[in-house]
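Dropping the structure here:
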């Protein structure tokens, strides 16, 4: 199944996320973060996502049909922080996302504050998501403790705990978060995100209608 089929299926059903052979010069490599105590609260130490305008994330993406998981296709997914606004009590991050499979752009927004991180205008964060203006999802809570669960009309999440995860960008002590995203009575994404405070999503693995998707961070940093 070609990528055009994935985009058609995901749009009809309703987006970050081994060594990389080439390191693009436009991005600074993401430095591995030191291992942190499992019972610490990273949200109190630093925002989950960077707040530097121009910061970029570059992901390697693998997709495979649910019915034929060996038929993998490979591509990329990039995010760039284009706009940072300080609002009362929160910071709003305007992102530009681009799929390397079809060069399609989307423009999700993240809002960081004492209550956690809210995703706006997208059904989930990653390739295959759909833009839905006005939609708000409680993407990540402020309470990052193992076993913590939260839900809304379109999102169910659970903090699984800390895991050491290795991706092309490096090895990180990350929070693993299990999610189920829904919209208009259809499952849009079911899977896991691995998040690192101060850096964001370093890995994601989820299923959208008829397709498995895995993204791993190749590099991240401010644009030079």
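Residue numbers (our numbering): 796 to 1019.
Using N, Cα and C, we set each Cβ at its ideal position, and we do this for glycine too.
Next item on the list: Determine contact between the segment 997 to 1015 and the segment 902 to 914, defined as no fewer than three beta-carbon pairs at a distance below 8 Å.
Entry: no
Checklist line | For residue 920, the nearest candidate out of 1013, 1002, 1017 (CA to CA) | finding: In the chain shown, residue 920 corresponds to position 125, counting from 1. Ranking 1013, 1002, 1017 by Cα distance to residue 920 puts 1002 first.
Checklist line | Straight-line Cα distance separating residue 1016 from residue 964 | finding: Residue numbering aside, residue 964 sits at position 169 when the chain shown is read from its first letter. Residue numbering aside, residue 1016 sits at position 221 when the chain shown is read from its first letter. C-alpha separation (whole angstroms): 11 Å.
Check: If you scan the segment 879 to 936 from start to end, which runs of the beta strand (DSSP E) of 3 or more residues do you find wholly inside it?
Finding: 885 to 894, 904 to 908, 911 to 917, 926 to 936
Next item on the list: Below 6 Å CB to CB, which residues in the same chain sit around residue 1009 once its five sequence neighbours on both sides are set aside?
Entry: Numbered from 1 along the chain shown, position 214 holds the residue referred to as residue 1009. 857, 1000, listed in sequence order.
Margin query: In the DSSP assignment, the beta strand (DSSP E) including residue 862 goes from what residue to what residue?
Written below: The residue labelled residue 862 in the question sits at position 67 within the chain shown. Residue 862 -> no beta strand (DSSP E), and no H or E assigned at all.
Next item on the list: Give me the Cα-Cα distance between residue 844 and residue 877, rounded to the nearest whole angstrom.
Entry: By one-based count along the chain shown, residue 844 stands at place 49. By one-based count along the chain shown, residue 877 stands at place 82. Roughly 13 Å between the two C-alpha positions.
Margin query: Tell me the residue span of the beta strand (DSSP E) that contains residue 958.
Written below: Walking along the chain shown from the start, residue 958 turns up at place 163. Here the beta strand (DSSP E) through residue 958 covers 950 to 962.
Notebook entry, point to check: Between residue 946 and residue 896, what straight-line distance do the alpha-carbon atoms span, to the nearest angstrom?
Noted result: For the purposes of this step, residue 946 is identified with residue 151 of the chain shown, where counting begins at 1. For the purposes of this step, residue 896 is identified with residue 101 of the chain shown, where counting begins at 1. Whole-angstrom Cα-Cα distance: 32 Å.
Notebook entry, point to check: How long is the line joining the alpha carbons of residue 875 and residue 1014, rounded to whole angstroms?
Noted result: Position 80 of the chain shown, counting from 1, holds the residue named residue 875. Position 219 of the chain shown, counting from 1, holds the residue named residue 1014. Between residue 875 and residue 1014, the C-alpha separation is close to 12 Å.
Next item on the list: With a threshold of 16 other CB atoms inside 10 Å of the CB of residue 957, please say whether the residue is buried or exposed.
Entry: Within the chain shown, numbered from 1, the residue matching residue 957 stands at position 162. Classification for residue 957: buried.
Check: Which value, in whole angstroms, describes the spacing of the CA atoms of residue 890 and residue 927?
Finding: Looking up residue 890 in the chain shown gives position 95. Looking up residue 927 in the chain shown gives position 132. Their backbone Cα atoms lie some 15 Å apart in a straight line.
Next item on the list: Tell me whether residue 818 sits in a helix, a strand or coil according to DSSP, three-state version.
Entry: On the chain shown, position 23 is the one that residue 818 refers to. Unreliable positioning characterises residue 818 in this predicted model, as indicated by a pLDDT of 34, which lies under 50. The coordinate reading is nonetheless provided below. Here residue 818 sits in coil by DSSP.
Check: In or out: residue 924 buried (at least 16 other Cβ within 10 Å) or exposed?
Finding: Walking along the chain shown from the start, residue 924 turns up at place 129. It is buried - the Cβ of residue 924 has at least 16 other Cβ atoms within 10 Å.
Notebook entry, point to check: So is residue 863 buried or exposed if we call it buried at 16+ other beta carbons inside 10 Å?
Noted result: In the chain shown, counting from the first residue as 1, residue 863 sits at position 68. With fewer than 16 other Cβ atoms within 10 Å, it is exposed.
Margin query: Checking the sheet assignment: what are the DSSP bridge partners for residue 847?
Written below: Counting from 1 along the chain shown, the entry for residue 847 is found at position 52. Answer is none; residue 847 lacks a bridge partner.
Note to self: Only counting the same chain, and skipping five residues up and downstream in sequence, which positions put a Cβ closer than 6 Å to that of residue 842?
What the structure shows: Here residue 842 refers to the residue found at position 47 when the chain shown is read from its first residue. The residues are 907.
Next item on the list: Take the Cβ of residue 869 as the centre, count every other Cβ of all protein chains shown within 10 Å, and call the residue buried at 16 or more, exposed below.
Entry: Locating residue 869 in the chain shown gives position 74, counting from the first residue. It is exposed - the Cβ of residue 869 has fewer than 16 other Cβ atoms within 10 Å.
Next item on the list: Could you tell me which residues DSSP pairs with residue 973 in its beta bridges?
Entry: Within the chain shown, the letter at position 178 stands for residue 973. For residue 973, which the question treats as bridged, DSSP gives the partners 953, 987.
Note to self: Going by C-alpha to C-alpha distance, which of 936, 887, 853 sits closest to residue 871?
What the structure shows: Position 76 of the chain shown, counted from the first residue, corresponds to residue 871. Here the closest residue by C-alpha is 853.
Notebook entry, point to check: Where does the unbroken beta strand (DSSP E) through residue 940 begin, and where does it stop?
Noted result: Taking the chain shown and counting its residues from 1, the one referred to as residue 940 is at position 145. Counting along the chain, residue 940 falls outside any beta strand (DSSP E), and DSSP gives it neither H nor E.
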